[in-house]
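Inspection log for the structure reproduced underneath, given as structure tokens.
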Amino acid sequence: MSKAHFSKALRVAVTSFCAAGVLAGSVFVGAAVAADRKPEDALKYRKGVLTGLAWHFGPVVAMAKGEAPFDQKQLSERAAAMAALSNMLGEGFIQGTAQGQIDGSRTLPVAFTDSADFQKKLEALQTATAALASASGSVAQGDLGKHVAAIGGSCKACHDTYRAK
Ligand code: HEC
59 MSKAHFSKAL RVAVTSFCAA GVLAGSVFVG AAVAADRKPE DALKYRKGVL TGLAWHFGPV
119 VAMAKGEAPF DQKQLSERAA AMAALSNMLG EGFIQGTAQG QIDGSRTLPV AFTDSADFQK
179 KLEALQTATA ALASASGSVA QGDLGKHVAA IGGSCKACHD TYRAK
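Using this note's numbering, read the sequence shown as starting at 59 and increasing by one per residue.
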């Protein structure tokens with residue numbers, strides 16, 4: 059593609075993107091973001107966030123169990139990452155992405171029909187990871203287990219109800 063052609067294509071794309079944004083914003087307040095999203099992208103996104111949570115949680119569990127050296131700096135970084143990821147997770151659960159609606163999804167349809175309870179379980183995760191993030195700079199190794207149990211319990215509570223076996 060020539061440079062001139064490319065920049066025209068870009069201009070057209072940007073213009074139509076903005077027009078769609080204005081339109082969506084005026085008609086569906088608050089739904090503009092979700093309306094633009096493809097179900098398969100939302101599935102990839104949430105799996106990425108969940109994989110990230112597990113990635114950081116593993117070494118924290120190991121420290122709590124004494125299976126890895128207690129490292130306060132590493133703990134703080136992982137706790138901050140988990141708190142951030144917890145706040146990013148909800149956005150990945152958009153309508154049309156339940157098991158049976160899209161390949162590869164293990165989210166039971168009830169997550170979308172009982173969304174108030176799903177939201178409560180998400181908030182339990184956010185509360186537990188935020189508590190560890192704020193305590194992580196000073197928490198003793200012996201008290202880490204309580205945080206790990208609270209976080210792990212929030213993962214399990216949601217999985218038991220909303221994740222397909
Ligand atoms: C609010 C509900 C909820 C919470 C809280 C939650 N999960 Fe999940 N998790 C799910 C659901 C639903 C799935 C299935 C996702 C799908 O395939 O659609 C899942 C899937 C996963 C997966 C598999 C991802 C993949 O690639 O298929 C991992 C790993 C995971 N969760 C880890 C965790 C960890 C670790 C925690 C806690 C720190 C956690 N989850 C907390 C709902 C939750």
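Where a beta carbon is used, it is the ideal one built from N, C-alpha and C, also for glycine. This one's a predicted model, so the numbers in the text were calculated from it and none came from an experiment.
{"Check": "What separation, rounded to the nearest whole angstrom, lies between the Cα atoms of G162 and G195?", "Outcome": "38 angstroms"}
{"Check": "Answer yes if the region 212-220 comes into contact with the region 130-139, meaning at least three C-beta pairs across the two stretches below 8 angstroms, and no otherwise.", "Outcome": "no"}
{"Check": "What is the residue span of the alpha helix (DSSP H) that Q184 lies within?", "Outcome": "173-193"}
{"Check": "At a cut-off of 7 angstroms, would you count K105 as near the ligand HEC, judging by its Cβ distance to the nearest heavy atom?", "Outcome": "yes"}
{"Check": "Should the region 122-135 be called in touch with the region 186-200, which here means at least 3 C-beta pairs below 8 angstroms?", "Outcome": "yes"}
{"Check": "Return yes when the Cβ of A186 is within less than 8 angstroms of the Cβ of F176, no when it is not.", "Outcome": "no"}
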